Structures are given as structure tokens and as C-alpha cells.
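Participant: Protein chains in written order, with this note's numbering: chain V, 589 to 1577; chain W, 586 to 670.
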Ligand SMILES: [Zn+2]
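(1) For residue 614 of chain V, report the span of its alpha helix (DSSP H) as first-last.
(2) Decide yes or no for the touch test of the stretch 1327-1346 of chain V against the stretch 1234-1254 of chain V: beta carbon pairs closer than 8 Å, at least 3 of them.
(3) Could you tell me the alpha carbon to alpha carbon distance between residue 616 of chain W and residue 1031 of chain V, rounded to whole angstroms?
(4) If you reduce the DSSP assignment to three classes, tell me which class residue 939 of chain V lands in.
(5) Could you give the DSSP three-state label for residue 1341 of chain V: helix, strand or coil?
(6) Between which two residues does the beta strand (DSSP E) harbouring residue 1211 of chain V extend?
(7) Chain V beta carbons: is any one of them nearer than 8 Å to that of residue 648 of chain W?
(8) Against chain W, does residue 1470 of chain V count as a neighbour if the rule is that its beta carbon must be under 8 Å from one of theirs?
(9) Determine, for residue 621 of chain W, whether the minimum Cβ-Cβ distance to residues of chain V falls below 8 Å.
(10) Okay, do the stretch 1458-1465 of chain V and the stretch 1516-1523 of chain V touch, 3+ Cβ pairs below 8 Å being the bar?
(11) Is residue 647 of chain W close to ligand 3? I mean its beta-carbon at under 7 Å from any heavy atom of the ligand.
(12) According to DSSP, what are the bridge partners of residue 597 of chain W?
(13) Per DSSP, which one or two residues make a beta bridge with residue 995 of chain V?
(14) Would you please verify whether the beta carbon of residue 1025 of chain V is less than 8 Å from any beta carbon of chain W?
(15) So if DSSP puts residue 1550 of chain V in a beta bridge, which residue, or which two residues, is it bridged to?
(16) Closer than 8 Å, CB to CB, is residue 1328 of chain V near chain W or not?
(17) Helix, strand or coil for residue 1201 of chain V, going by three-state DSSP, please let me know.
(18) Mind checking who residue 1301 of chain V pairs with in its DSSP beta bridge?
(19) Between residue 646 of chain V and residue 891 of chain V, which are expected to be in contact by the criterion C-beta below 8 Å, what is the C-beta distance as a whole number of angstroms?
(20) Is residue 737 of chain V helix, strand or coil when you go by DSSP?
(21) For residue 592 of chain W, is the beta carbon positioned less than 7 Å from some heavy atom of ligand 1?
(22) Which one of V:1477, V:1470, V:1554 has the shortest CA to CA distance from residue 1499 of chain V?
(23) Could you give the DSSP three-state label for residue 1036 of chain V: helix, strand or coil?
(24) Figure out for me which residue from V:1392, V:1473, V:1447, V:1472 has the closest Cα to the Cα of residue 1438 of chain V.
(25) When you measure from the CB of residue 897 of chain V to every non-hydrogen atom of ligand 1, does any distance come out below 7 Å?
(26) Among the candidates V:881, V:874, V:960, whose CA atom is the shortest distance from the CA of residue 1036 of chain V?
(27) Could you please tell me which residues of the stretch 1514-1532 of chain V, in chain order, have their CB closer than 8 Å to any CB of chain W?
(28) Of the residues that make up the stretch 1306-1330 of chain V, which ones have a beta carbon closer than 7 Å to any beta carbon in chain W?
(29) Does the beta-carbon distance from residue 648 of chain W to residue 1322 of chain V come in below 8 Å?
(30) Please tell me whether residue 655 of chain W has its Cβ less than 8 Å away from any Cβ of chain B.
(31) Under the rule that 16 or more other beta-carbon atoms within 10 Å means buried, what is residue 1071 of chain V, buried or exposed?
(32) What did DSSP end up calling residue 707 of chain V once you bin it into helix, strand or coil?
(33) So what does DSSP say about residue 1174 of chain V, is it helix, strand or coil?
(34) Check each residue of the stretch 616-646 of chain W: if its Cβ is closer than 9 Å to any Cβ of chain V, include it; give the result in chain order.
(35) Mapping the DSSP letters down to three states, classify residue 656 of chain W as helix, strand or coil.
(36) Given a cut-off of 8 Å, decide if residue 670 of chain V and residue 742 of chain V are closer than it, judged by their beta-carbon atoms.
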């Protein structure tokens, strides 16, 4: 298909490199250097999408990131991406794009009937219509709205590409590589500053690539090439094309999205598709240019109606004609250069329509209508003519045939990134736009973003702000950079004009959200009389373009409707990101297995080789159970492990417990502060259970701590609290008791630790220890010792028990973990030693009524757990005073109890609530809850532990357990939490 | 946001954990419940310049006294707690 709208020569495209692409399944060609939008226009494709609400035909309005209309679905399969702006999609060979929001086809869209139902779809339509009955929301209304108002579809399979995150540091971040940014970067780079310059375009240059301009006798693009070459020659300069600075954050931190592979069919091998950069800059210069405003007139959304700057860009940069016969309208001096550039590209100018009575170029060689406006665009799927009339005349006086309308309502400084820290822009009547103060602390705004629209002024501003940034950083630049000689068309002179007051047809203010002037006026009538309220009510300024083109026009309409001023109405708050950032970039490598770090114990490989099924405990992977041949459920495996342990001997990996080595003359005194119970009198070679409170009197953590030497203790914590307890100890030592002479360090990962439990635990251990007396007399319950095993392997042995059995915990240096584990397995073989996992460990601790995570949930006191008597009366400790508060001493507090089902076959479930039988199931009758539950093979029943008001005095009572989540109820009996071996005879054996 | 740890230099905020504003000194063991309620629960909750405890939990593990603006996140000073005492 020939490119009928391509000019015969010119532009920055490579005409020798023909690229094939498809749009809605049809084949087209373009050139290297094209965007999808320029290539579509070159092929005469005007209609590229349907609008959000009314499904009106839409074309291409802009040539940049601010595009509200030309949103397309790119690629297919896992790489499908909705809502990409055709104006910034770089063309590549084989590109495959589809229009969005149309059904069944773009040219015949069924839901475009919506536009004739216009009055019913006015502001607040969704709020007003889909209100009642509430039960209709999900099944009926939501589906209707989703189908009617979609913005494309996301991919339905996994993204095959990968994304990266990176950090960078610099002296000066230059945001935007147009004339201002390039000149600023050159100035700073010449002075030796570390410069990072980023631009969202594929090529540096900004407006210098779009406009016909001569700098020092060179055309704009040639000057840019020279600037890039010079910047490349400096090792201290980093250049980021295809990179958007999307957010400004605290203290000189910026978010950047680098699109590494988006311009390719798929990223090159071993490269990321996108990289999310966090840049720390001492200073920054915002040189993001300006965004042109449309003029609001009737049916101003017809395909073929385009911004004048965009039409010049298509003509100058891409050699593409916006139309063959063009009406140029506007309110400022850009009219003249538009007429010149479009004419040079081969278009006929049908008429010039200028809102100004005087000013501008007098002789453009075409009919000029002064003091006039385009009142309405004519045509259906593309523009075929315009109706014009006098400004404020109220009627159309003439019809002009054309195939394109290009409009300029003036420029709005692109200050979005500057406003991200909360400063509000203010209205500047001189430049007819919202601006920010140029000096924003570590950021300076310069060039068109600061309301300077001529190239010479931008170049000078770039040099000047870079020089002051260098001064602020104490670096000296080459002062007084030689002024550059610039030749370009006139610009600057403007008379404010925003919208045609009495136009016919729909007058769009926000194209992407289908918000018209009438919608805004209606919002005011209905009382939404601030910009922020009107925005939410009408959806003006929302969605992917965030109202970049329409915000000032909207403010002008709101101001008139309110009888107020644009300055008073203001603009809505812009927040990061400036343009959409994909979820993939935010996630980076944190996807799937790499979502978070994985911690494995030293014996992990053994577990894996022996049938372990793992469970995540925080970042740790712990064996939940070991599946033997023939076992099909976790409960079968767990029951076997419990019975084998209680019947003979079991071995469990407990390396994940937090271990903190505490040393120093005041180590005992320090532990006294941390725990409710005392430590200074603990004998060397003994272990003790400790309970730790927060300062508010609630339990923080528990564990066993051993005294290995006079000045040396080894503390253990629960797996989950290892980190928080360590931070708490740092706090206590550094802030509360710095005078205590004590040092401590986490040794969790330095030691492999394993529990040997069961009646044959001693006999098993006998087979591994080197010459160590394990007898009950020599090494009784709560003993702790240094020893060697397996012929000289250093080890620590603790006679402690979580299972309630005769049990030991053995610790060896981490790299010896597997050797020790295998040694114990061998020594225990005659007793059929059985490895057991977290499920069996949980079952046994519930049988014994030992609290764990579900019981230590931050709401329980020591007394709730039945350990109130552990509180020392004679020493100060964290939480001592506030644990004595009356409410924490009440007998009616929930206390730890055991739970047995009345029917032994009934499954007990954690989370169920305890209520008196027959009582109404309301919160007022709630008596407590079940915190942990398990099947107990020892008792041949399900069991649980939980909390019951005044529970210790209610042993034997029967209550109803109500599990609201699983919708079950069952009778339970309250028992002592110590359900197996309540006297503890086994563990002392 | 970055914090200039006196031991480690300028580091990213994800290495640090905030505890909250610096409380009054921990009362004596015999000071009674009112003193402890005041110590544990009553904050000035300043909007603006606030003096806070931060832990360099992903670094040197020092507790720091950070003077910070709660509106702008500007940091005025960072010292080790031991220096503050
Ligand atoms: Zn540090």
C-alpha cells in the first residue's frame, strides 16, 4: 500500500529502511525513525480508536506522551500491552497493533449509539444511574460498564520478559534533552560535573527535531548531533534516551523508567525489557518543555483535528502530511510557522482562522479570517470541513472544505514532575499558563517548562541554570557561554482563548475521558464547585493521560461557570507517575520464586532427598512432614512421625530458631532487664525458659536461654521474632542501659540445631557423643554443655523439650550440620529413628499446651498464658509496671485452655469462637477462641488450645465452637492445656 | 529519603527502621503506672520538626536520633544515641 500522505523528501526518517507492520490485521509500511502514529498517518489512516464513554471515532491529536486518543493494544500473547500511545510507539519491522474499545470493528462500533444517548451519559451518569438496587452492582451494572468503558485488555498469560531495577548517583540530573536540557548538560559537563540526562524520546533533541530552526548556521538536528557527540566524549556524563523521569521524591530522589526493549519486537537476548532507576541527584534541572493546548469547539474530536505543533512535527520530522487541505486555527504566533511548515511539506492551506483581531503575520498568502473561530468540525469518521464564525458571534457564517484542522491554543509549561512534592502551580497571565517558581530548592525549572518558548531563550536559560547549579555545588563552570545565533519562525505573542462558548456539537475538554464543556458546567450546577470535586464527578483529568492537554481549558470553563478566575480555580494535583509505569518494572526481579529471598537450613538438601514437603516460615523453608511411600495426606505422615517419636525417637531440624550470643560481665544483668524472670542465679551449664514482655506489659517472645560460662549466655527466640528481638536488644542496650557491659550478636545462621526426642533419645545420643555422661544424674533436665561428637566435632547440647518427651537439642557449626544429622540418623537406626517436620512438632506442642506464634499474638499477657507467676518481684524488667494495670489483671481475661471435641471424630479448627450452647451468636456472647488445632494421634482425637474468659476455673465446661469462616459448629469440652503427660514425667526421665 | 548514618554515611531509607519520636527517659521502676503510661503512650505527634529514634537495622545496627520534618521529610540532623546521652 503506498504511503499517500508521505512528503516526497525531508524528515529524519531513513527512507532506505522500509518496515512492515499491521494495524487491526491490515498490512502497512513505514520507515525506520517513524512512530506508529506517523506511519499510520503516512498511510492515510486517521481513525485509530473509539472513545471511552461515547465510542466516538478518534484519531491522532498529538505527537507525544500527552496523547489522549490514539491508544492501541500492542503485540499479542504474553507481550500484549494495552493503552500504549501510538504517538510514542517506535515502529519496528513486524509490529502488530490493534485498536481498542470497539466492537465488533473500529469502523462499525455497536456502542457508538452511546453518543446519541448523550444527555443520559452526562457528568455523574454512572453515579446516578447504576445506584439501585445494590444487589445489581456486581452481576449486572459492573459487567455493562466494563464492556462499554474498557481501555483495552491486559495480557492473559505470563510476561515472558524480565525487568530490572538499578540505582544511580549524579551531581546534576537533567530532565529532558531539548535545547534547554542539552545546553544545560553541556555547560555542566564542561565544568566536570557528573551529569545524568534523560529524555523520553528515542532520540535526544526535543523540539529541535520537530521544528525548522537553525543554530549557528546548522539545522537543529545537526546541532543536536554535535551536542550528543560532545556529551558522549565525557566519561562523567550518562545519557538515557527512551527514559522517562516519572516521579520526584524526597531529598533529590527521582524515579526513572528506561525502556530498553520496548522499541523491539522482543528484547535482545539477556537484556531487560525495562529498567526502573532510582536516581539520587544533588541538583536537577527540569527541562521538559511545554504541552500544546487544543481549542474547545464543536466536534473537535473528529479524526483529522490535530494540534498545530504535532502537525509540524509530522511534517518536519517524519515527512508526513496531516492532511492535503488544511485549516489552521489558533490564538497565537505559532499560526505563521504552521502555515509555512505544512506548506513546505506539500499541503494546501484552505484557510487561516485567527481569534486575534490584529497581530501575527499579515501576509500568509492564504485567506485569513481574523477575530474568528472554528465553531464546529464537520464529517463522520474523519473531518471533511469546518464551520467558522466570529469570536462571540454565536452563529456560523461560512463553511470551508478541508481534510484536516490543526489548532493551537498556546502552550502549557510541562511542570508535572515539579509538583510531585506538593507545591501548587499558579496561573501566569503573561504566558497564559500555570507555572511553578523556577527555583524549587534542589530543582530548577528552565526553558519552555518555565514559559520561555523561543529556541534562543531556551539555549540561554539552559546555560544559565546549569551555571547557577554548578555554583550551588561549589563547582566552577565556564561563565558567560557564547550566545548562539538562532534563526526560527516567530513565537510568543498570544491572546487567551480557550473555548467557543455557544458551539454546536459536542465540545471535548478531556478527550480520553469524553468530558465536554457541558459536563463541567453541569458539575458546577450540581454543586461540585472546586476543580478537585469536578474532576472526580466528571472524571476530567483522570486515566492514563491525566489530563495533560485539557487541564487549563477545563479550568477556564469552570472559572466562567463559577464567575471566578482561572487563578482561583487552579488545576488538579498531579501525582507520580508522570506517565504509566508497568507492574513488571515495579516488580523487577521479585517475581515467582524470586519474590523474596529464600532461607534454607544447613540440612535442607537432606530433607529434600528424603521426601520432605516444605512449608514457608517467614523466609525459611522448613520440612512440614516427610512423605513415605504409600502416604497420601499430610495427616498420615504427621501422625506416623508423632507416634514414632513418642514411641521411640524422632529427629527434627530446629535451626531456624533465633540464636543470640550474649557475653560480658553484665550479661546476666542485661537478661534480667529483658525477661520477666531472673538470670544472674542461673548456674553455669544450665538452661532456663524465659518470657519477654513489651514495655506495655504484653508478651513479646519466649525461648530457652542457657548459661555456657560465667559471662556467656546463649539466648534463643522464636523463628518469627528473631529479628525484632535483636532490634529490641539493641534498643535496650544502646538507649536504656548503655552502662551495662555486655555484647551480643546473632548467631542464628552459624549453628545448625536439631531436636532428638523420645524415650530412646538418650540411647541414640549415646551413639554420637565422645566420652560424655548422658545419665539423668550427670546431665539432668535443663542441662547445657559444650562437648564433642562423632570423634571431635564441636557441639553444644541442651536438655530441653518442646515435645514433652525426654529430649535434647544438639547444635553444631552450620557447615557440619548434615554430618551431625546423618550421624544421629545412623546412631538411631536400631530404634527406628524418624525425622519429623513442623506438623508433627506442632501436634506435640499442642498436646503439651505449649504456646507458639498463634498464642503469642501481641495481645496476651504472661498470666493469660498461665505464666503470671514467672514475673520477678525483686527486679526491674521491661513491661513490669504496665503489666500490673488493673485491666491486665482481671480474672475475666481470656486464659489459655485445652480444647477437646465432645465427639472425638469432630475436627477442631483454629479461629473458631467459643460460645455458651444455645446463646445467640453475637459478639456480646463471645467467650473466647481456638488459637491452634491439630490431630493428636496420641489421644486419637482432634485437639486444640485457645483462650477462654476465666478459663482456668472452667475446666470441664462444655461450650459450642462456632467456626464462622468454615461455617461449622461443634461441641467442645474445656480441659487443661497439658493434655499429654501433664505431670511431665517423660521429660524428666 | 536517605539518612546520613554517622557510622556508615548516606544510606537509603530501606536500610533503616523507624521506632517513633524520642520518648522521655524511661521512668524508675518505682515511678508508677501513670509515669509509664505517659512514657509508653503519650506522644507529641509533631507536625513538622520531629526528633525520632531510627535503627540502622540493615546496616551497623546503631540506634540513631534523627531530626526530621514530618511534612517534607527533610532531615536536619542525625547522631548516634550514645552521643545524644
Ligand atoms: Zn549505620
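Note that beta-carbon positions come from the ideal geometry of N, C-alpha and C, so glycine has one too. Quick caveat: nothing in here was measured; it's all calculated off a predicted structure.
Facilitator: Taking the structure as given:
(1) Here the question's residue 614 of chain V lines up with position 26 in the first chain. Premise fails: residue 614 of chain V lies in the beta strand (DSSP E), 614-620, not in any alpha helix (DSSP H).
(2) yes
(3) In the second chain, the residue the question calls residue 616 of chain W occupies position 31. In the first chain, the residue the question calls residue 1031 of chain V occupies position 443. In a straight line, the C-alpha of residue 616 of chain W is about 51 Å away from that of residue 1031 of chain V.
(4) Residue numbering aside, residue 939 of chain V sits at position 351 when the first chain is read from its first letter. It is a strand residue.
(5) Position 753 of the first chain holds residue 1341 of chain V. Note: residue 1341 of chain V maps to strand in three-state DSSP.
(6) What you label residue 1211 of chain V is simply residue 623 of the first chain in a count that begins at 1. First-last of the beta strand (DSSP E) with residue 1211 of chain V: 1208-1214.
(7) Here residue 648 of chain W is taken as the residue at index 63 of the second chain, counted from 1. Yes, because at least one Cβ of chain V sits closer than 8 Å to the Cβ of residue 648 of chain W.
(8) For the purposes of this step, residue 1470 of chain V is identified with residue 882 of the first chain, where counting begins at 1. It does; some Cβ of chain W falls within 8 Å.
(9) The residue labelled residue 621 of chain W in the question sits at position 36 within the second chain. For residue 621 of chain W, the answer is yes, since a Cβ of chain V falls inside 8 Å of its Cβ.
(10) Verdict: no, contact absent.
(11) You won't find ligand 3 in this model; what it holds is ligand 1.
(12) Here residue 597 of chain W refers to the residue found at position 12 when the second chain is read from its first residue. Partner(s): W:587.
(13) Against the first chain, residue 995 of chain V aligns to sequence position 407. Paired residue(s): V:895, V:917.
(14) Translated into the one-based positions of the first chain, residue 1025 of chain V becomes position 437. Cβ-Cβ to chain W under 8 Å: no for residue 1025 of chain V.
(15) As a first step, residue 1550 of chain V must be located in the first chain, where it is residue number 962. Residue pairing of residue 1550 of chain V in beta bridges, as defined by DSSP: V:1501, V:1557.
(16) Along the first chain, one-based indexing puts residue 1328 of chain V at 740. With 8 Å as the cut-off, residue 1328 of chain V does not count as an interface residue toward chain W.
(17) Residue 1201 of chain V sits at position 613 when you count from the first residue of the first chain. Residue 1201 of chain V: strand per DSSP, three-state reduction.
(18) Residue 1301 of chain V sits at position 713 when you count from the first residue of the first chain. Beta-bridge pairing links residue 1301 of chain V to V:1250, V:1295.
(19) Position 58 of the first chain, counting from 1, holds the residue named residue 646 of chain V. Position 303 of the first chain, counting from 1, holds the residue named residue 891 of chain V. Indeed, because the Cβ distance is near 6 Å, the residues count as touching under 8 Å.
(20) Within the first chain, residue 737 of chain V is the residue found at index 149, counting from 1. Unreliable positioning characterises residue 737 of chain V in this predicted model, as indicated by a pLDDT of 49, which lies under 50. A coordinate reading is not provided.
(21) Numbered from its first residue, the second chain carries residue 592 of chain W at position 7. Yes.
(22) Counting from one through the first chain, the residue named residue 1499 of chain V turns up at place 911. The candidate whose alpha carbon is nearest that of residue 1499 of chain V is V:1554.
(23) Numbered from its first residue, the first chain carries residue 1036 of chain V at position 448. Helix, per DSSP.
(24) Counted from its first residue, the first chain places residue 1438 of chain V at position 850. The closest CA to that of residue 1438 of chain V, considering only V:1392, V:1473, V:1447, V:1472, is found on V:1392.
(25) The residue given as residue 897 of chain V occupies position 309 in the first chain. Incorrect: residue 897 of chain V has no Cβ contact closer than 7 Å to ligand 1.
(26) Indexing the first chain from 1 puts residue 1036 of chain V at position 448. The residue with the shortest Cα to Cα distance from residue 1036 of chain V is V:874.
(27) none
(28) 1315, 1318, 1319, 1322, 1323, 1324, 1326
(29) The count along the second chain starts at 1 and reaches residue 648 of chain W at position 63. The count along the first chain starts at 1 and reaches residue 1322 of chain V at position 734. In contact: residue 648 of chain W and residue 1322 of chain V (Cβ atoms closer than 8 Å).
(30) In summary, chain B is missing from the structure at hand, where the protein chains are V and W.
(31) Here residue 1071 of chain V corresponds to residue number 483 of the first chain, with the count starting at 1. For residue 1071 of chain V, the number of other beta carbons within 10 angstroms of its own is below 16, and it is reported as exposed.
(32) The count along the first chain starts at 1 and reaches residue 707 of chain V at position 119. Annotation note: pLDDT 48 at residue 707 of chain V (below 50); position unreliable, coordinate value reported separately. Looking at residue 707 of chain V - three-state DSSP - the assignment turns out to be helix.
(33) As a position in the first chain, residue 1174 of chain V is number 586, starting the count at 1. Helix at residue 1174 of chain V.
(34) 616, 617, 618, 620, 621, 622, 624, 625, 626, 638, 640, 642, 646
(35) Taking the first residue of the second chain as position 1, residue 656 of chain W is located at position 71. Coil at residue 656 of chain W, not helix or strand.
(36) Taking the first residue of the first chain as position 1, residue 742 of chain V is located at position 154. Taking the first residue of the first chain as position 1, residue 670 of chain V is located at position 82. The answer is yes: Cβ separation under 8 Å.
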